[in-house]
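Heads up: the protein sequence lines correspond to chains A and B, in order. Residue numbering for the first sequence follows this note's numbering, starting at 733 and increasing by one per position. Residue numbering for the second sequence follows this note's numbering, starting at 733 and increasing by one per position. All C-beta atoms in this analysis are idealised placements derived from N, C-alpha and C, irrespective of residue type, glycine included. Worksheet for the structure shown next.
Protein chains: 2
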Amino acid sequence: MRKAVVLLSGGLDSATVLALAIREGYACHALSIDYGQRHKVELEAAKRVARALGALEQKTVSIDLAVFGGSALTDTNIAVPTSGVQKGGIPVTYVPARNTIMLALALGWAEVLQADDVFFGANAVDYSGYPDCRPEYVRAFERMANLATKAAVEGRRFTLHTPIIDLSKAEIIALGVKLGVDYGLTVSCYQADREGRACGRCDACRLRREGFQAANLPDLTRYAGRG
Amino acid sequence: MRKAVVLLSGGLDSATVLALAIREGYACHALSIDYGQRHKVELEAAKRVARALGALEQKTVSIDLAVFGGSALTDTNIAVPTSGVQKGGIPVTYVPARNTIMLALALGWAEVLQADDVFFGANAVDYSGYPDCRPEYVRAFERMANLATKAAVEGRRFTLHTPIIDLSKAEIIALGVKLGVDYGLTVSCYQADREGRACGRCDACRLRREGFQAANLPDLTRYAGRG
């Protein structure tokens, strides 16, 4: 059985990717990163999702990106926007180099496990404002990784899989439902409360809700202040 | 004044690189990484070196790579080799994806600071066994970084400087002495004791001592068990 490291945030996209990797027959090691995000409750969701979908194990690595500041997701002095998804430009919820840091950690674990595959739920459609979700970035990371490791020097080839990069949120949801993902276990909201209930107003909430509507599927998200 | 992030381990190579970046006129923000290394005392050396050479500030980010295991530097069940530098192959002191992880963190801080330059003390001569010290790796990381960030999307160009990559240890030492680096403040040993005294037998100690000998310069390293 081929091993893979799957980056698992606890949100909707990465849960779908984990289900896909398992369906493709990989023995999956799920990696979650505590990077000082305000929505730390998503890490609890990651543990639940890993268990429910059948990952072999799940690890959480802590790294305090709040030391650097610069993002609404790690700096409580910068508010999470709630007035609607911005058209054009990069939102303040962007965390500098976050995906590069998370992929570097996944690469490190993959090397220790002697896994040649990493799965990553980047999506270029809904989040086109994030530079490190673009296909050209993904290919450049893969190329760098193939020069970075002992495995590469020994002639093994590393592959970075981004199976949902071109799917709309509705397509991701439809796919996940078909694969048996229980989206009620996932948390997308950037400012979910301690119980994992969503605000309903941040970009992540809006994109998620619109996804369920467009997929014509019931949205099991729990919202704060609605019982 | 142009800002730069300088990766500073507390060892000899990165101290020399910091001195070079300051001499080139950069306002230097020194970044040290506590990755669960046994020779944590090098982080104290990093603070001393940053102060002595005139970095604007120094930050230490913690990330527990020991969670993954797989290296003599993070796993106390794997002994640090002390019988001489291995010819060919990758030594067990190699930490999977360590440089990729440290460079990703430097990239993140650079983006927050709006710095377009990162300095990194990779050296391809003495440590030819480490895949992530090779020039082709460095160029691939730089290329990836130029697709990863908000700064890149806005048209700014990121440069990864590796000024000592082609120098021998003796050349690095001769350069640093000329720039006024006090190598007595640095710690290279993979298993230095709590006071920062070196074992004298690990690869890092051997390469360092041979470097001072070849440069015909006094070695101020403090060794354990020799007063």
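Distance between Arg770 (chain B) and Val919 (chain B) (C-alpha atoms, nearest Å) | As the crow flies, the alpha-carbon of Val919 (chain B) is around 12 Å from that of Arg770 (chain B).
Reference Arg734 (chain B), options B:Ile754, B:Ser746 and B:Gly908, closest by Cα = It is B:Ile754 whose Cα lies nearest to the Cα of Arg734 (chain B).
Pairwise C-alpha distance: Ile905 (chain A) and Arg933 (chain A) = Taking the straight line from one Cα to the other gives about 19 Å.
Taking only beta carbons into account, state which residues of the region 778 to 805 of chain A come closer than 7 Å to chain B, listed in chain order.
-> Across the region 778 to 805 of chain A, CB contacts with chain B closer than 7 Å involve Lys791, Val793, Ser794, Ile795, Asp796, Leu797, Val799, Phe800, Gly801 and Gly802, in sequence order along the chain.
So is Arg830 (chain B) buried or exposed if we call it buried at 16+ other beta carbons inside 10 Å?
-> Counting every other CB atom within 10 Å of its CB across the protein chains shown gives Arg830 (chain B) a total of 16 or more, marking it as buried.
When DSSP labels each residue in this structure, what does Ile795 (chain A) get in the three-state scheme?
-> Strand.
Could you tell me which chain A residues have their CB closer than 7 Å to the CB of Tyr918 (chain B), listed as they occur along the chain?
-> According to the sequence shown, residue 918 (chain B) is Thr rather than Tyr. Contacts between Thr918 (chain B) and chain A, judged by CB atoms closer than 7 Å, are missing: the closest CB pair is about 24 Å apart.
Quick one: which unbroken beta strand (DSSP E) runs of 3-plus residues sit fully inside the region 878 to 916 of chain B? Chain order, please.
-> DSSP runs (the beta strand (DSSP E)) wholly in the region 878 to 916 of chain B: 891 to 893.
Roughly how many angstroms lie between the CA atoms of Ala930 (chain A) and Ala936 (chain A), to the nearest whole one?
-> Straight-line measurement puts the Cα of Ala936 (chain A) at about 9 Å from the Cα of Ala930 (chain A).
Go through its chain and collect everything with a Cβ distance to Ala947 (chain A)'s Cβ below 6 Å, but skip five positions before and after it.
-> Answer for Ala947 (chain A): Ala902, Ile905 and Ala906, listed in chain order.
Identify the contact partners of Ala851 (chain B) in chain A, using a Cβ-Cβ distance below 8 Å as the criterion.
-> According to the sequence as given, residue 851 (chain B) is Phe; it is not Ala. Per Cβ cutoff of 8 Å: no residues; Phe851 (chain B) is ~17 Å from chain A at best.
Quick one, which of B:Tyr767, B:Leu788, B:Gly768 and B:Leu763 has its alpha-carbon nearest Ala968 (chain B)'s?
-> Since the first and last residues shown for chain B are 733 and 959, residue 968 (chain B) lies out of range.
Using a Cβ cut-off of 9 Å, which residues of the region 942 to 956 of chain B contact any Cβ in chain A, in chain order?
-> If you check each beta-carbon in the region 942 to 956 of chain B against every beta-carbon of chain A, none falls closer than 9 Å.
Please decide whether Asp864 (chain B) counts as near chain A, where near means a Cβ-Cβ distance under 8 Å.
-> True, the Cβ-Cβ gap to chain A drops below 8 Å.
Quick one: what's got a C-beta closer than 6 Å to Ala884 (chain B)'s C-beta in the same chain, skipping five residues either side?
-> Contacts found: Asn878.
Can the beta-carbon of Gln790 (chain A) be found closer than 8 Å to that of Leu740 (chain A)?
-> With a cutoff of 8 Å on beta-carbon distance, Gln790 (chain A) and Leu740 (chain A) are scored as near each other.
With 8 Å set as the bound, which would you pick, yes or no: does the beta-carbon of Ala829 (chain A) sit closer than that to a beta-carbon of chain B?
-> So, interface residue.
Does Leu939 (chain B) come within less than 8 Å of chain A when only Cβ atoms are used?
-> For Leu939 (chain B), the answer is no, since every Cβ of chain A falls outside 8 Å of its Cβ.
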